[in-house]
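When we follow the numbering used here, the leftmost residue of the sequence shown carries the number 2, and every step to the right adds one.
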Amino acid sequence: MGPAHIIVGNSEDIHAVAVAWALERAGACVVLWDGIGVSDSSVVTHFPTSAGSDLRMGKERINDVRSLWFRRPVPYQPLAGLDPVSLKFTRNELQSAHGSLAAVLRSKASFIVGDWHPIDAGMKGLQLDAAVACGFRIPDTVITNDPAVVADFRARQENLLVKHFTPHFWSSEQNRKCWQCGPVVIPRDRKIDDASIRACPAIYQTLVNKAFDLRITVIGHRIFSARIVGHNGTALLDWRPSSVKPGELRIDWYNVDARTRTSINALMEKLDLRYGCIDLAVDLQGNIFFFEVNTGGQFLFIDDHIPEMNLLGEMAGLLLSGSSDYQALPWNVANLPDFESSDRYVEFRAATQRFRQNDRVITRVDQDMVAI
C-alpha cells in the first residue's frame, strides 16, 4: 500500500465509516482498523529490523502514514473459545500489543489526531482547570468521593447535578437494546447513601438554569458553533442524541462572540488538541458556562440538522490535508446525504442492525463477549 490514512476505530462507528468513505471518494488509501483479531484482515505483524521498521495490518503493508486518527479505538475484537483461566492474561496481552501497534503507527505518521489511550486532555478535572485558565466560566464544582464534602456542597445548592467521568453503555443481544448512563439531578430533599458516594468519585455541580446549549466542534483551526434546544424551544438536561427521541431537538447555527472564540482557541492549544467537541451552555442571564471537551465527540448529528455545515467534509479534509490549516472536501465529494445513499452505508446498517438504537450512537463493539 502507498501513502495511507489510518483510522483506528471500528466499523460499527458511523463516524469512522463515514470519514473513511469520504477519504476514499477523494482518492485516498484508507485503512479502518477494527482492532487485533484472528481473521486474516485483523492480524498484525511488525518486523523491527536494521533496515527499518516494517509494519503490516491485515494484508496491508503500512510504512507511509499521511494521517492517523484514533477514533475511539477498539484494541481487540470480541474474544471467543478461550479457556476462562487464560482470559485475563489474553486481554492484558492484547491491550499491550495494541499499545505497541499504536506507538509504531505514531512513529510513522505525519499528522495525528487523538491517541490510543485516554489522554490527559480528556480528563474532566484537568479540562475544568484549563477552561478557567482560558477565561471560561464553569459551574460550582467538586470532584470527590467524600460524603462530608458532598453534604457540605449540596447544602448550598437547590438542585445537585451528578455526572460521571466517561460514557458507559450496557447492551443486550437478546433484547437488541442498548442503555447508557447519564447526568442525574438530585433535589435537596433526596438522601444520597454515603456508601454510594464513597464507592467512586463523581463530578458534583451546581445545576445551571440554561436557556440553551452550545455544541462547539473544533476541527483544526476552525470553529463550528451550533445552538441546541428541545423541540419546544427550551433547554434540556441531557440533549445527547442517544438520550432523546427523534425530532426532540432543534439545532441551528450560532455565532459565538469574539471573547468566547479566543477562549476556545486558547483551550485547544493548552490541551494540545487538533479536534474536539466543546459543550457550553448559556443561562437565562446570558452567561456562558463551560462543561467539557469531548476529544472523541460525535458530529454527524449536527450535519443532520445543519447540512450546509458539512462537518463530514471538514473532518475528512483535515485528515487528507494532514494540517490544522486544511481545506475541507467540497460538497460534491463528501456530504452526509450522499454517504447515506451509498453502498458503504448499506453495509454499515446491516452490520449494526442487532441494536434498535439510532445508528449514530453505536460507537464501539463489545470486546468481552466470550463463547466458551
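Ideal Cβ placement from N, Cα and C applies to all residues, glycine included.
Measuring only the C-alpha atoms, how far is residue i from residue j?
i, j, result
"S111", "E270", "19 Å"
"F1", "D280", "For the chain, the structure presents residues 2 to 373; residue 1 sits outside this window and is missing."
"I8", "S68", "8 Å"
"A17", "L301", "11 Å"
"D65", "V114", "16 Å"
"I252", "A52", "54 Å"
"A116", "R73", "Looking at the sequence shown, residue 116 is not Ala but Asp. One C-alpha to the other measures close to 9 Å."
"T235", "V39", "50 Å"
"N256", "N93", "46 Å"
"L285", "I63", "53 Å"
"A132", "S264", "8 Å"
"A122", "D130", "11 Å"
"L106", "K89", "26 Å"
"E249", "T46", "47 Å"
"T142", "V163", "10 Å"
"Q354", "R345", "14 Å"
"L272", "T167", "18 Å"
"S12", "A134", "38 Å"
"W34", "W240", "30 Å"
"L83", "R157", "53 Å"
"A104", "V347", "33 Å"
"S324", "D258", "26 Å"
"I15", "V44", "23 Å"
Pick out whichever of the options has its Cα sitting closest to the Cα of residue i.
i, options, result
"F340", "V20, M2, P4, D35", "V20"
"P188", "S197, D147, E159", "E159"
"D1", "R155, R223, T261, A203", "Because residue 1 is not part of the residues shown, which for the chain are 2 to 373, the question remains open."
"Y276", "V86, K60, R26, W70", "W70"
"G59", "L83, D84, L321, L102", "L102"
"E25", "G323, A317, R350", "A317"
"L161", "C135, A134, K192, G136", "K192"
"N146", "C201, K89, V86", "C201"
"V186", "I217, L237, A351, T91", "L237"
"L330", "F349, A27, G10, E13", "A27"
"H232", "S97, S325, P247", "P247"
"H165", "S226, D258, A203", "A203"
"K109", "R241, R57, T91, L83", "R57"
"A152", "D258, H118, S197, H169", "S197"
"S226", "I15, D14, W254", "W254"
"S97", "H118, I144, I217, V230", "H118"
Might you give, ordered along the chain, the residues of its own chain that have their beta carbon closer than 6 Å to the beta carbon of residue i, omitting 5 neighbours on each side?
i, result
"G36", "V75, P76, Y77, Q78"
"V283", "A212, F213, I289"
"G100", "none"
"F349", "V18"
"M370", "Annotation note: pLDDT 36 at M370 (below 50); position unreliable, no value reported."
"P85", "none"
Measure how close the beta-carbons of residue i and residue j come, nearest whole angstrom, since I'm counting them as under 8 Å.
i, j, result
"I95", "I220", "Before going further, note that residue 95 is Leu rather than Ile in the sequence given. With 8 Å as the limit, L95 and I220 do not qualify as a contact, their Cβ atoms being about 31 Å apart."
"N266", "C278", "So it is not a contact: roughly 15 Å between Cβ atoms."
"A335", "A23", "4 Å"
"D55", "F48", "4 Å"
"R262", "I224", "6 Å"
"G298", "S244", "In fact, because the Cβ distance is near 15 Å, the residues do not count as touching under 8 Å."
"L215", "R228", "6 Å"
Under 7 Å Cβ to Cβ from residue i, same chain only, skipping five residues before and after it: list those, please.
i, result
"P140", "Q206, T207, V209, F290"
"E293", "K125, Q128, D280"
"S322", "Q328"
"E61", "M2, V32"
"A352", "S12, E13"
"V230", "F213, A236, R251"
"V150", "V143"
Just to confirm my understanding: we take residue i, look at its own chain, exclude 5 residues before and 5 after, and list those with CB closer than 8 Å. What are they?
i, result
"W332", "N311, G314"
"L337", "A19, L301, D304, D305, P308, N311, L313"
"D195", "P148"
"G3", "C30, D65"
"R138", "N288, I289, F290, F291"
"D326", "G221, H222"
"G136", "R260, T263, S264, A267"
"S1", "Coverage of the chain is limited to positions 2 through 373, which leaves residue 1 absent and any answer about it impossible."
"T50", "none"
"I120", "T296"
Would residue i pass as an interface residue toward chain B - the criterion being a Cβ-Cβ separation below 8 Å?
i, result
"D344", "The displayed structure is made up of one protein chain only, and chain B is not part of it."
- [ ] Can you check the segment 48-93 for any beta strand (DSSP E) of at least 3 residues that lies completely inside it and give the ranges in chain order?
- [x] Counting only runs of 3+ residues, the beta strand (DSSP E) found wholly inside the segment 48-93 occupies 53-58, 61-63, 66-71, in chain order.
Just to confirm the assignment: which complete beta strand (DSSP E) runs, minimum length 3, are found wholly within the segment 107-175?
Secondary structure remark: continuous beta strand (DSSP E) runs of at least 3 residues inside the segment 107-175, in chain order: 142-145, 160-164, 170-173.
key: Within the segment 259-319, ranges of the beta strand (DSSP E) (whole runs, at least 3 residues)   = Qualifying beta strand (DSSP E) stretches, in chain order: 276-284, 289-295.
*Ranges of the alpha helix (DSSP H) found wholly within the segment 199-230, counting only runs of at least 4*: Here no run is fully enclosed.
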